[in-house]
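Visitor: This is the structure I want to talk about, given as structure tokens.
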Amino acid sequence: MTPGTEAASRAELTATVTGLMSEIAGTGTDHLRGGYTRPVYSTAELDLREWFIEQATKRGLAVETDRNGAIWAWWNVPGGDRSNSLVTGSHLDSVPGGGAFDGPLGVASALIAVDILKARMDTPPRPLAVVVFPEEEGSRFGVACLGSRLMTGAIDPDKARNLRDPDGSTFADVAKAHGLDPRFVGKDDKLLGQIGAFVELHVEQGRGLIDLNQPIAIAESILGHGRWRLSVHGQGNHAGTTLMADRHDPVVAAARMVTGIRDIARNAANARATVGRLQPVPGGTNVIASRVDFWLDVRHPDDAVAAALVESIHTQARLIAAEEGCSVGLREESLSPTVHFDRGLQKELQLALPQAPVLDTGAGHDAGVLAPFVPTAMVFVRNPSGVSHSPEEHVVDEDAETGAQTLADALHGLMA
Ligand code: HGY
Ligand code: MN
Ligand code: MN
-4 MTPGTEAASR
6 AELTATVTGL
16 MSEIAGTGTD
26 HLRGGYTRPV
36 YSTAELDLRE
46 WFIEQATKRG
56 LAVETDRNGA
66 IWAWWNVPGG
76 DRSNSLVTGS
86 HLDSVPGGGA
96 FDGPLGVASA
106 LIAVDILKAR
116 MDTPPRPLAV
126 VVFPEEEGSR
136 FGVACLGSRL
146 MTGAIDPDKA
156 RNLRDPDGST
166 FADVAKAHGL
176 DPRFVGKDDK
186 LLGQIGAFVE
196 LHVEQGRGLI
206 DLNQPIAIAE
216 SILGHGRWRL
226 SVHGQGNHAG
236 TTLMADRHDP
246 VVAAARMVTG
256 IRDIARNAAN
266 ARATVGRLQP
276 VPGGTNVIAS
286 RVDFWLDVRH
296 PDDAVAAALV
306 ESIHTQARLI
316 AAEEGCSVGL
326 REESLSPTVH
336 FDRGLQKELQ
346 LALPQAPVLD
356 TGAGHDAGVL
366 APFVPTAMVF
376 VRNPSGVSHS
386 PEEHVVDEDA
396 ETGAQTLADA
406 LHGLMA
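Residue numbers for the sequence shown follow our numbering, so the first one is -4 and each next one is one higher.
Below is the structure:
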């Protein structure tokens, strides 16, 4: 890197996580739902990508986009060998009406951690990269962590290319429109082989740190989680001319299924089951729907129990459909097994962060997708609201800066 930009990056040390987060606070605000709606390759997420590239370039990092659309900002070692790299980062896409911190906090903290480390050393003893993975939320194409799944081979490239967003656009077409060659999406052995360790900082999506009165935690595991699409078919008809006795209303059947899902999950320890998205077709006020699609999110620490829960839900749904004169189909869209993070890496983080409690999480992350392939760890930052995937998600400024400092110290410890 030329001396000027090194000096510039030192001058940038005044940058803060809070400052970086405030730079993107107006991007992708959703005035209808509240919060942020930043689906992958939307104008909002593309603006955030540009922001990240600008911030990384300003820090003298070498920015590259991989075949699957992830952006990598490299602090190279002299000579540019990238084996055994340290990688940190997160995602910039959001759920509909999401909070400000889920994803961007990890990216902003990684940039500030680079500032801190650059103030301590001219060149890193091992390569360091900040990565932004696309479609972590799976909000557009339905599969969580699509970018990291493609890189690790955890999803078939053909299946990925043919995923469709709610408007019917395929991932292949959308990716192509934004500079990727869809023929080449898929496992990236070279890039994966360069990663010596991956450490992701993320806002805590729960109350653990509030109750423990601590600002930072180290992650132990991610709950297994999956997504299934249920389609309930009935008889579309007129709301006024169809007698109640003559109806086969898929909305009524779906409503019974949703409360049945809640009851099944309530009766299974540690289970979570959610229906947050339900679409009647055609969706007219004076129209009995002909079909209802709804999406099921089931999570449990034991993958076999999760599978059994989905089976019970499907059996119950078939019974309800029959009683309502409807039919129902269920299709798996995304599945992530329970993940335990690398014990060795966790121990090294605990040496750097002796005060930090070790917590499980019910939220999925790209770190969970990488965990079977590279030593992976996560660091959580306290969220005083304890709420996430909602505008109420929050991190106080002091904890945000502590998070970046902690990440820098952890990465520095891993450079030795
Ligand atoms: O859904 C999740 O657990 C994550 O926020 N993508
Ligand atoms: Mn999320
Ligand atoms: Mn996230």
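By construction, the Cβ of each residue, glycine as well, lies at the ideal position given by its N, Cα and C atoms.
What are the residues that DSSP puts in a beta bridge with E59?
Guide: DSSP output for E59 lists W67 as bridge partner(s).
Visitor: Nearest CA to the CA of A405: which residue from T371, L56, L273?
Guide: Here the closest residue by C-alpha is T371.
Visitor: Considering only heavy atoms of ligand 3, list every residue whose Cβ is less than 5 Å from one of them, following chain order.
Guide: Result: D97, G98.
Visitor: Can M417 and H197 be called in contact, C-beta distance under 8 Å?
Guide: Any answer about residue 417 is impossible in this case: the structure gives the chain only from -4 up to 411.
Visitor: Taking contact to mean at least 3 C-beta pairs separated by less than 8 Å, is the segment 101 to 108 in contact with the segment 203 to 222?
Guide: Output reads no: the segment 203 to 222 does not touch the segment 101 to 108.
Visitor: Can you check which of these residues, S331, E393, R272, L100, is closest to D298 by C-alpha distance?
Guide: Per the Cα distances, S331.
Visitor: Drop a sphere of 10 angstroms on the beta-carbon of P161, count the other beta-carbons inside from all chains shown, and report buried for 16 or more, exposed for fewer.
Guide: When all chains shown are included, P161 counts as exposed.
Visitor: To which residues of the same chain is G339 closer than 7 Å at the C-beta, ignoring the five residues directly before and after it?
Guide: The residues are P370.
Visitor: State the Cα-Cα distance for the pair S383 and G93, rounded to the nearest angstrom.
Guide: Approximately 7 Å between the Cα atoms of the pair.
Visitor: Compare the Cα-Cα distances from E59 to each of G191, K171, V125 and report the closest residue.
Guide: Ranking G191, K171, V125 by Cα distance to E59 puts V125 first.
Visitor: So within the segment 118 to 149, which uninterrupted beta strand (DSSP E) runs reach at least 3 residues, ignoring any that extend past its ends?
Guide: Within the segment 118 to 149, the complete beta strand (DSSP E) runs of at least 3 residues are 123 to 128.
Visitor: Leaving out the 5 sequence neighbours to the left and right, which residues in its chain are closer than 6 Å to A301 when beta-carbon positions are compared?
Guide: G219, V293, H295.
Visitor: Out of Q350, G231, H407, E388, point me to the one whose CA is closest to G320's CA.
Guide: Ranking the options by Cα distance to G320, first place goes to G231.
Visitor: Roughly how far, in whole angstroms, is the beta-carbon of R251 from the beta-carbon of I315, given that I think they are within contact range, below 8 Å?
Guide: The Cβ separation is near 5 Å, so the contact holds.
Visitor: Using only alpha-carbon positions, find the residue among A95, N79, T13, E45 that is nearest to E387.
Guide: Minimum Cα distance to E387 is reached at A95.
Visitor: With burial defined as no fewer than 16 other Cβ atoms inside 10 Å of the residue's Cβ, what is the status of S17: buried or exposed?
Guide: Label assigned to S17: exposed.
Visitor: Based on the DSSP secondary-structure assignment, which residues constitute the bridge partners of I211?
Guide: BP columns for I211 point to V376.
Visitor: Please say whether P99 and R28 have beta carbons closer to each other than 8 Å?
Guide: Cβ distance not < 8 Å, so R28 and P99 don't count as in contact.
Visitor: Beta carbon of R44, beta carbon of L87: below 8 Å?
Guide: Against a cut-off of 8 Å, the Cβ pair of L87 and R44 comes out as a contact.
Visitor: Starting from the Cα of D172, find the closest Cα among N378, A362, T13, Y36 and give me that residue.
Guide: Checking the sequence shown, residue 172 turns out to be Ala, not Asp. Of N378, A362, T13, Y36, the residue nearest in Cα terms is Y36.
Visitor: With a CB to CB cut of under 7 Å and the five nearest residues on each side skipped, what residues in its chain are close to V246?
Guide: Taken in chain order, the residues that qualify are P275, A284, V287.
Visitor: Touching or not, the segment 74 to 83 and the segment 150 to 168, by the rule of three or more beta carbon pairs under 8 Å?
Guide: In short, these stretches do not touch, since the Cβ pair count stays below three.
Visitor: If contacts are defined as beta-carbon pairs under 8 Å, then P122 and S80 qualify, I think. What distance do you get, rounded to the angstrom?
Guide: With a Cβ gap of about 4 Å, P122 and S80 count as contacting.
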